[in-house]
Amino acid sequence: MKKALFFVFCLVAAHAFAQKSVSSDLLERMAVQYNGMLKLHKDSTHFPRSCKPNGSLIWVKSDDWTSGFFSGTLWYLAELTQNVQFQQEAKRWMAGLEMEKYNRYTHDLGFMMYCSYGNAQRLAPDESYKRILMQSAVSLCRRYNPTVGLIRSWDFSAKGKDWKFPVIIDNMMNLEMLMWAFRESKDSSFYKIAVTHANTTLKYHFRTDNSSFHVVDYDPENGQVRWKGTHQGFGDQSAWARGQAWGFYGYTVMYRETKNPAYLQQAKKIADFMLNHKSIPKDLVPYWDYDAGINKTEPRDASAAAVLCSGLYEFAGYLSEKEGKSYLKAADKIFTSLSSPAYFAEEGKNCGFFLLHSVGNKPSNSEVDVPLAYADYYFIEALKRRMNLLKK
């Protein structure tokens, strides 16, 4: 009996060692990719977003919603590799974002500032970072309408639309910065705005099958819903893949911050929808839209998979060990898929980005089957969370 137990222990230990070895190898490959990118591109006022077919980087200015992901990824590389050079580069690239702390024309300040300065404050606390983040949270709150109970997303209408107060599911991702601001300042207005936004989204953004609309337009005068549909999905009634991942991740974060069981329940409903959909491939990397993917010929979206994967590693920890196992298994499956040659770039290729095969906005034929900065960010975050679990 003792020999049998010892044998089982050895098998478990060997499996854990193998998994750690896989993670270490992947981290080394990630470091090589971004080191290569840093050597070739020095202008820290323009931020890598994607890659052209000819192999040249696509850059954006600091006011682009993706601008904070590059320095955020560098902070994760610095944390995981303990390489001081990555931290120095993260600080250099992050400095070009500071001016956006006063930007009141975007709902994406959480992406821009919390993924960059938030990681900086976590890993290398500094009063200046704290002030920048706090001002960013204040600027984001300026887009909140108490009558609607939501933070406005866009200040424009799409072609053929007459939006008055459009709100997209992506907005759930920007609430984490407000919850941080509440913890740091004890100012309850940050908390109330974040929670009210989450509650109103919960009420109006989801269908009976727990998929979400991409866009819901409201009347700013009375808060009534005017229209529900999509801007980046296959159709107004379809389930745009990354939108589902944004919602899942956002409600997981809001449960962490509030311990409101309704948020955990909603995260579970979204995860179950995504993981059990009839169009989901065996490798669990979804087509860019779940409904478009039914015909099996549409592009995959590694960015949606990366967001889901990272979120699942956190989400599973809030469940019982028994219930959480299936979600950890799904996270590991996605992680393995994204780590494979089918999705992870060859050394020195892909403009230095980690992941292949992401989709930005297919209806507009924009960024289809390309690397994307946010796919890399959430994938390395998934790696960090996976490595933390393997340490336990």
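Residue numbers for the sequence shown follow the numbering used here, so the first one is 1 and each next one is one higher.
Glycine included, each C-beta is placed from N, C-alpha and C at the ideal position.
Note that the structure is predicted; figures quoted are calculated from it, not measured.
Identified DSSP bridge partners for Arg300: Tyr287
Whole-angstrom C-beta distance between Gly247 and Met172, which should lie under 8 Å: 6 Å
Every unbroken alpha helix (DSSP H) within the region 105 to 142, with a cutoff of 4 residues, ordered by chain: 119 to 123 and 127 to 141
Boundaries (first-last residue) of the alpha helix (DSSP H) holding Ser71: Phe69 to Thr81
Candidates Glu184, Trp227, Leu284 and Asn103: closest to Ala306 by CA position: Checked all of Glu184, Trp227, Leu284 and Asn103; the closest Cα to Ala306 is Leu284.
Opening and closing residue of the alpha helix (DSSP H) in which Phe47 lies: It is not in any alpha helix (DSSP H) - Phe47 instead sits in the beta strand (DSSP E) that spans Phe47 to Cys51.
Segments of 3+ residues assigned as beta strand (DSSP E) that fall wholly inside the region 327 to 371: Here the runs fully enclosed are 358 to 361 and 366 to 370.
Gly229 (DSSP reduced to helix, strand or coil): strand
Endpoints, the beta strand (DSSP E) within which Pro166 is located: Annotation: the continuous beta strand (DSSP E) that includes Pro166 extends over Pro166 to Ile168.
For Val215: DSSP bridge partner residues: Ile168 and Gly229
Collapsed DSSP secondary structure at Ile280 in the structure displayed: coil
Reference Ser128, options Lys91, Ser71 and Thr81, closest by Cα: Lys91
Status (buried if at least 16 other CB within 10 Å, exposed otherwise) for Ala375: buried
One or two residues paired with Tyr206 in a DSSP bridge: It is Phe, not Tyr, that sits at residue 206 in the sequence shown. Phe206 is bridged to Ser212.
Three-way DSSP call (helix, strand, coil) for Leu97 in this model: Here DSSP, grouped into helix, strand and coil, assigns Leu97 to coil.
9 Å Cβ cutoff met for Asp162 and Gly233: no
Residue of Leu38, Leu26 and Ser24 minimising C-alpha distance to Ser351: Residue identity check: residue 351 is Cys in the sequence provided, not Ser. That would be Leu38, whose Cα lies nearest to the Cα of Cys351.
Outcome for Val84 when other beta-carbon atoms lying within 10 angstroms are tallied against a minimum of 16: exposed
Sequence ranges, alpha helix (DSSP H) only - wholly within the region 172 to 204, length at least 4: 175 to 185 and 188 to 204
Simplified DSSP assignment, three categories, for Trp59: Per DSSP, reduced to three states, the secondary structure at Trp59 is strand.
Terminal residues of the alpha helix (DSSP H) in which Asn388 lies: Ala373 to Lys391
Distance, Arg385 Cα to Arg152 Cα: 31 Å
Buried versus exposed call for Ala241 [16 or more other C-beta atoms within 10 Å across all chains shown]: buried
Val195 versus Gly317: straight-line alpha-carbon distance, rounded: For Val195 and Gly317, the gap between their C-alpha atoms comes out near 22 Å.
9 Å Cβ cutoff met for Ala304 and Gln266: no
Inter-residue Cα distance where the pair is Ser326 and Leu390: One C-alpha to the other measures close to 16 Å.
Candidates His46, Leu57, Phe69 and Val60: closest to Tyr377 by CA position: Phe69
At least three beta-carbon pairs within less than 8 Å, the region 290 to 300 to the region 324 to 340: no
At least 3 beta-carbon pairs within less than 8 Å: the region 201 to 215 vs the region 338 to 345: no
Tyr114 and Phe165 closer than 9 Å at C-beta: no
Beta carbon of Leu202 nearer than 9 Å to that of Phe190: no
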